[in-house]
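*Asks:* Residue numbers (the numbering used here), protein chains in the order written: chain A, 898 to 1011; chain B, -1 to 114. Note that beta-carbon positions come from the ideal geometry of N, C-alpha and C, so glycine has one too. Just passing along the structure, written as structure tokens.
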Amino acid sequence: GESVGLHLPTLSVQEGDNSIINCAYSNSASDYFIWYKQESGKGPQFIIDIRSNMDKRQGQRVTVLLNKTVKHLSLQIAATQPGDSAVYFCAENRHEKGNTPLVFGKGTRLSVIA
Amino acid sequence: DAGVIQSPRHEVTEMGQEVTLRCKPISGHDYLFWYRQTMMRGLELLIYFNNNVPIDDSGMPEDRFSAKMPNASFSTLKIQPSEPRDSAVYFCASSLAGGLGTTEAFFGQGTRLTVV
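Okay, here's the thing in structure tokens:
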């Protein structure tokens, strides 16, 4: 899910299919990760989070996978719906000593084809 | 709670003018963040406060930018003088202190600034 030049990477999926959005994070000391969804004209909205002592966490229709070895995070959306169309950002920070600000990836645009 | 509230939602101003963006964080949150979003650079942290005290302003692009948090329920981001390259969407976010609890940042709807 890294940007290339001015354009966000785009993932197009058929309605009802599963979506997988990937993210490579930068700081091996990061211990908390969040996926945000941003719809047009709105602020980023929390979807799901995961701490570094876990490698998988499930929510409603969403699953986040964390691979600390290769510093990789993924978001899986089951049965993708038109309302899932948005830009998705992964974010990381450290909670070890206080609350450091979230560092955001560049984002991936998810386009759902009805 | 109504969430993080930002005003105005849209601002169009002429180059050289002063611009003030406003933010009301979620009540009880002790961290406040100002981010800027552009197509070129994505979401960038400008500055953040903890208990109304600025902690890190290294993301503020120039001296033309300043931010204040006079109390726990209000913050401003000021640009003086504004330039066309400041055009972006500016987001305010707030969160609770770190630790074992959930500490994701909650974002406002943003202020879309256009400097002509």
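Using CA coordinates, which residue listed in Gln942/A, Val967/A, Cys987/A, Phe1001/A is at the minimum distance from Ile917/A?
*Replies:* Ile917/A has its Cα closest to that of Cys987/A, out of Gln942/A, Val967/A, Cys987/A, Phe1001/A.
*Asks:* Quick check on the burial criterion: 16 or more other C-beta atoms within 10 angstroms. Buried or exposed for Val17/B?
*Replies:* With 16 or more Cβ atoms within 10 Å of its Cβ, Val17/B is classed as buried.
*Asks:* If you measure from the beta carbon of Leu999/A to each beta carbon in chain B, is any gap under 9 Å?
*Replies:* Yes, Leu999/A counts as interfacial toward chain B.
*Asks:* Out of Ala983/A, Met951/A, Pro979/A, Leu908/A, point me to the one whose CA is closest to Thr966/A's CA.
*Replies:* Nearest of Ala983/A, Met951/A, Pro979/A, Leu908/A to Thr966/A, Cα basis: Met951/A.
*Asks:* Using beta carbons (cut-off 9 Å, strictly below), is Ala103/B in contact with chain A?
*Replies:* So yes, Ala103/B belongs to the interface.
*Asks:* Go ahead and label Arg34/B buried or exposed: buried means 16 or more other beta carbons lie within 10 angstroms of its beta carbon, across all protein chains shown.
*Replies:* With 16 or more Cβ atoms within 10 Å of its Cβ, Arg34/B is classed as buried.
*Asks:* Got a sec: which bits of the stretch 931 to 944 of chain A sit with their beta carbon under 9 Å from any beta carbon on chain B, in order along the chain?
*Replies:* Hits within the stretch, in order: Ile931, Tyr933, Gln935, Gly938, Lys939, Gly940, Pro941, Gln942, Phe943.
*Asks:* Can you check whether the C-beta of Tyr985/A is within less than 9 Å of a C-beta belonging to chain B?
*Replies:* So, not an interface residue.
*Asks:* Check whether the stretch 18 to 27 of chain B touches the stretch 72 to 82 of chain B, counting contact only when three or more Cβ pairs, one atom from each stretch, lie closer than 8 Å.
*Replies:* Flag = yes, the stretch 18 to 27 of chain B and the stretch 72 to 82 of chain B touch.
*Asks:* What's the gap between the Cα of Asp914/A and the Cα of Asp54/B?
*Replies:* Approximately 43 Å, taken between the alpha carbons.
*Asks:* Give, in chain order, every residue of the stretch 945 to 970 of chain A whose Cβ lies closer than 8 Å to some Cβ of chain B.
*Replies:* Per Cβ criterion, the list reads Asp946.
*Asks:* How many angstroms separate the CA atom of Glu936/A from the CA atom of Gln107/B?
*Replies:* Near 10 Å, if we compare the C-alpha coordinates of Gln107/B and Glu936/A.
*Asks:* Does Ala91/B come within less than 9 Å of chain A when only Cβ atoms are used?
*Replies:* At least one chain A Cβ lies under 9 Å of Ala91/B.
*Asks:* Using a C-beta cutoff of 9 Å, does Tyr929/A count as contacting chain B?
*Replies:* Cβ-Cβ to chain B under 9 Å: yes for Tyr929/A.
*Asks:* Indicate the three-state DSSP secondary structure (helix, strand or coil) for Pro115/B in the structure shown.
*Replies:* With chain B represented from -1 up to 114, any question about residue 115/B goes unanswered, as that position is not in the structure.
*Asks:* Give the DSSP bridge partners of Ser73/B, in chain order.
*Replies:* Beta-bridge pairing links Ser73/B to Cys21/B.
*Asks:* Taking Cβ positions only, does Gly1002/A come closer than 9 Å to chain B?
*Replies:* Yes, because at least one Cβ of chain B sits closer than 9 Å to the Cβ of Gly1002/A.
*Asks:* Closer than 9 Å, CB to CB, is Gln107/B near chain A or not?
*Replies:* Taking Cβ atoms only, chain A reaches closer than 9 Å to Gln107/B, which makes this a yes.
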